[in-house]
Amino acid sequence: MSDRTGPSTGDKRKYSGTTAQKHKFYKYQGQKRGGGGGRGRGGGGRGGHDRPRSPREHEDGRPKLNPLGKYRTSPMPEMFTSPGICVTTVMHKERSAEAELIEYLETIADEIYPETIDSGVKQEEDADELDFEAQLKKDLESMDQSKKSTRFQLCSHDVICVIYINVLPPLSPYKLVRHIMEQAESSARTGLKWCKRIIPITGIAGATIKQLSEMSSKVVEEGFKTEDNRSLKFAIDTNTRQSDRLDRMDMIHTVAAEITNINIEHKVDLKNPDKTVLIELYKNSVGMGIVEDYERFKKYNPGSIALAASQSKSKSTQSEPSRSTAQPEEENQYSSSSKTPKHVYRQRRAEAIGALSKDDPSDINQKEEEEGEFKTEVKAESGQILENPKGDLGEEWEETIVDGKVERVRKDGQ
């Protein structure tokens, strides 16, 4: 037997001798990757005793700022508790839809309501004159999460593919949404990738017939107001989410009664209404909004509006080149028609030949002579036509008349 004291094949793990693993402690010491342990035991391997960095922290440990933090409150309000904007989104893209819509609404609010721009966000005219410390202080104040937005407020979304944004006064939900639709139609494009339908909600009430009637009377009076008090055509559309508190037809009859109470001449027209009343029932709340051009704006879907506008523009651009190509074709037709066809020349030649056949033989000889053809003569004695080549024969030829015909014979007899 061998006297080898080293470990056998089955005793490798029990061998307590020196191995290369003992140098691992020195290799990763001071690099915040843990100490020894070799195979990952006891704090070794993937980082040891260091706390893993949170995804909400920077590399230096500072907490990351949530870009939507100033639009959130604790606790977050539920949907349909105050006037705002109800939005349907792509599935599992509710947070992305909130971010892009809030950014878009802020831009529109700066245009429509410049007086509501926050002092921390508003660009100062003398910003270039400030020193570095003052400018840094202003930037930090603008990023302060404790200072909440005075325009919009996000709500908790318990329904899949639906978000709700509270619009704080003096901003009007309908004006903001209308501006989004008009921009999508005029530019044939939209910056909202995850948002589908955007519905303005101007009135909120409890999910009872009495509360709905009281709320709708105020909303309808404001929405159906006209300068000349003329009659309008209207339609009512309802939508229910996670609620069975109210029946659809009961809501329609209640709102229609309030509309006719304002003006008895207001009529229902589902195909071409002047005003469309939108009713949203959610749990124990009901919201209502009155919009115009409901079908024109594709039920207030900016993506569908941009698609239809781009298609109409492409059709118009395709029709213009077709018209320009049709004009040269017409010109070619006119130019070709101005040329004389070949059959006209043939007809003229036939008429000329017929006219020549009726003329006197002497006139024919004269015309043929002018055209370079053989000259013809009439023999008075025999009455036969003699043909002579144009020009003189020469001295080596002589002409003889045999049986009324002219024969040309060489004088040398060849």
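Going by our numbering, the sequence shown opens with residue 434, and the numbers climb by one from there. Heads up, the beta-carbon is just placed ideally off N, CA and C, and yes, glycines get one too.
{"Check": "Which residues DSSP lists as bridging MET682, in chain order", "Outcome": "Beta-bridge pairing links MET682 to no other residue."}
{"Check": "The segment 712 to 724 touching the segment 631 to 651, judged by at least three CB pairs closer than 8 Å", "Outcome": "yes"}
{"Check": "Buried versus exposed call for ALA739 [16 or more other C-beta atoms within 10 Å across all chains shown]", "Outcome": "buried"}
{"Check": "For THR540, the three-state DSSP class (helix, strand or coil)", "Outcome": "helix"}
{"Check": "Cβ-Cβ separation, SER646 to THR687 (assumed contact under 8 Å), whole Å", "Outcome": "5 Å"}
{"Check": "Short Cβ contact (7 Å threshold) for THR540 with TRP627", "Outcome": "no"}
{"Check": "Supposed contact pair LEU714 and ALA668 - C-beta distance, whole angstroms, cut 8 Å", "Outcome": "Contact doesn't hold; Cβ gap of about 17 Å is too wide."}
{"Check": "Contact set for ILE685: own chain, Cβ-Cβ below 6 Å, skip 5 residues either direction", "Outcome": "ILE669"}
{"Check": "Through-space distance from VAL719 to ARG663, alpha-carbon basis", "Outcome": "29 Å"}
{"Check": "Span separating the alpha-carbon of LEU546 from that of ILE712", "Outcome": "Just to set this straight, residue 546 is Tyr in the shown sequence, not Leu. Computed Cα separation, rounded: 27 Å."}
{"Check": "Terminal residues of the beta strand (DSSP E) in which GLN675 lies", "Outcome": "No beta strand (DSSP E) holds GLN675; DSSP gives it neither H nor E."}
{"Check": "CA-to-CA distance, PRO706 to MET512, given in whole angstroms", "Outcome": "29 Å"}
{"Check": "For LYS716 and ARG674, the rounded distance between their alpha carbons", "Outcome": "7 Å"}
{"Check": "ARG611, buried or exposed, once every other Cβ within 10 Å from all chains shown has been counted against 16", "Outcome": "buried"}
{"Check": "Buried versus exposed, by CB contacts within 10 Å (16 or more), ILE834", "Outcome": "exposed"}
{"Check": "Assigned exposure category for HIS699 - 16 Cβ within 10 Å defines buried", "Outcome": "buried"}
{"Check": "Cβ-based neighbour list, ALA621, same chain, cut-off 7 Å, excluding 5 preceding and 5 following", "Outcome": "ALA739, ALA742, SER743 and LYS746"}
{"Check": "Cβ-based burial, THR709 [other Cβ within 10 Å; buried from 16]", "Outcome": "buried"}
{"Check": "CB contact flag (ILE596, GLU527, <7 Å)", "Outcome": "yes"}
{"Check": "Alpha helix (DSSP H) segments (min. 4 residues) lying fully within the segment 619 to 668", "Outcome": "642 to 656"}
{"Check": "GLU548, buried or exposed, once every other Cβ within 10 Å from all chains shown has been counted against 16", "Outcome": "exposed"}
{"Check": "Per DSSP, the bridge partner or partners of ASN599", "Outcome": "GLY517 and GLN586"}
{"Check": "Three-state secondary structure (DSSP) of GLY470", "Outcome": "The predicted position of GLY470 is uncertain, since its pLDDT is 49 and thus under 50; a value taken from the coordinates is nonetheless stated next. In the structure shown, GLY470 sits in coil (DSSP, three-state: anything other than H, G, I, E or B)."}
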